[in-house]
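To keep things clear, I will list the structure first and then write my remarks on it.
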Amino acid sequence: MRGVEFHREKMWDKALGELDRTISLDPSYKEAYLLRGMIYYDRGSPEKALRDFEKLYAMVSERRVKRGLQKLIDEVKREIKGRNG
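Position one of the sequence shown corresponds to residue 451 (my numbering), numbered consecutively onward.
Below, the structure is given as structure tokens:
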């Protein structure tokens, strides 16, 4: 996935574009949602990150993965709440 390559090179806009394209071609590509969400979060868009993390949460069935995602979702929600007061 080219989005990963762009992410490694810190080419955020290109990475996001590739991840958007990947998701549009294969909406079940879980890793694309995770990586795009991480980029959104790291770049200061927690609301967009939350959407991707919640979408991914709905897609996975493994308990361990769901627990990790829930922690991440809770952290993002706390940040959003802190920003909004």
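Glycine included, each C-beta is placed from N, C-alpha and C at the ideal position. Note that the coordinates shown come from a computational prediction; the quantities given were computed from them, not determined experimentally.
If you draw a straight line from the Cα of Y507 to the Cα of L469, it comes to about 18 Å. A residue is called buried once 16 or more other Cβ atoms fall within 10 Å of its Cβ, and D502 is buried on that count. G467 sits in a helix when the DSSP states are folded into three classes. Between T472 and M451, the C-beta gap is smaller than 8 Å, which places the two residues in contact.
Proximity to A465 across K521, L519, A482 peaks at A482, based on C-alpha coordinates. Per DSSP, V510 lies in no alpha helix (DSSP H) and is assigned neither H nor E. P496 counts as buried, since at least 16 other C-beta atoms from the protein chains shown sit within 10 angstroms of its C-beta.
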